[in-house]
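Numbering (my numbering), first residue to last: 123 to 255.
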């Protein structure tokens, strides 16, 4: 029985370490993606400012150019809205996955504790039986 418990403890500890490494890796990837998203946001802001500056410098007689610049700003705004939507969904997915991983790790720790407790109780019973024999 002890060998089985010891093997199960080793398996659980290995699984906990694997999940913790996976969680750490996932967190790193998520942060990397969020950093890239911030850089894209800066690019969009700079593009907006540049288009606005171009529109200000463009004379009112250049209707075609004005219309193209307006369309460009509209496209940038649409892109920003999609990025905001993506950001919201991505953060929610990260939160859910983090929660699942933490729950899985906690469940494994609980199982590990139960096995270790069972082992200690068995050892205590052996010690107690030895004293009264």
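All C-beta atoms in this analysis are idealised placements derived from N, C-alpha and C, irrespective of residue type, glycine included.
By how many angstroms is the C-alpha of residue 139 removed from the C-alpha of residue 156? On the chain shown, position 34 is the one that residue 156 refers to. On the chain shown, position 17 is the one that residue 139 refers to. Each residue's Cα considered, the two are about 26 Å apart.
Environment of residue 191 [buried if 16+ CB atoms lie within 10 Å]: As a first step, residue 191 is located in the chain shown; it is residue number 69 there, counting from the start. Under this definition residue 191 is a buried residue.
Can the beta-carbon of residue 173 be found less than 7 Å from the beta-carbon of residue 205? Position 51 of the chain shown, counted from the first residue, corresponds to residue 173. Position 83 of the chain shown, counted from the first residue, corresponds to residue 205. No, they are not a contact pair.
In the DSSP assignment, find the unbroken alpha helix (DSSP H) run with residue 184 in it and report its ends. As a first step, residue 184 must be located in the chain shown, where it is residue number 62. Taken as a continuous stretch (DSSP letters only), residue 184 belongs to no alpha helix (DSSP H), as it is neither H nor E.
If you draw a straight line from the alpha carbon of residue 187 to that of residue 213, how long is it in whole angstroms? What you label residue 187 is simply residue 65 of the chain shown in a count that begins at 1. What you label residue 213 is simply residue 91 of the chain shown in a count that begins at 1. Computed Cα separation, rounded: 39 Å.
Once the 5 residues before and after residue 201 are set aside, which same chain residues still bring their CB inside 8 Å of it? One-based indexing of the chain shown puts residue 201 at position 79. Closer than 8 Å at the Cβ level, and outside the excluded window around residue 201, lie 166.
Exposed unless 16 or more other CB atoms sit within 10 angstroms - verdict on residue 171: Walking along the chain shown from the start, residue 171 turns up at place 49. Residue 171 comes out exposed.
CB-CB length for residue 237 against residue 130, believed under 8 Å: Along the chain shown, read from residue 1 onward, the residue named residue 237 stands at position 115. Along the chain shown, read from residue 1 onward, the residue named residue 130 stands at position 8. About 6 Å; that satisfies the 8 Å criterion.
Residue 151 versus 250, 196, 232, 216, residue with shortest Cα-Cα distance: As a working mapping, residue 151 is identified with position 29 in the chain shown. Nearest C-alpha to residue 151: 216.
Residue 137 and residue 230 look like a contact to me (Cβ under 8 Å); what is the Cβ gap, rounded to whole Å? The sequence position of residue 137 within the chain shown is 15, counting from 1. The sequence position of residue 230 within the chain shown is 108, counting from 1. Contact holds; Cβ gap of about 6 Å.
Starting from the Cα of residue 211, find the closest Cα among 240, 159, 232 and give me that residue. Here the question's residue 211 lines up with position 89 in the chain shown. Among 240, 159, 232, the Cα nearest to that of residue 211 belongs to 159.
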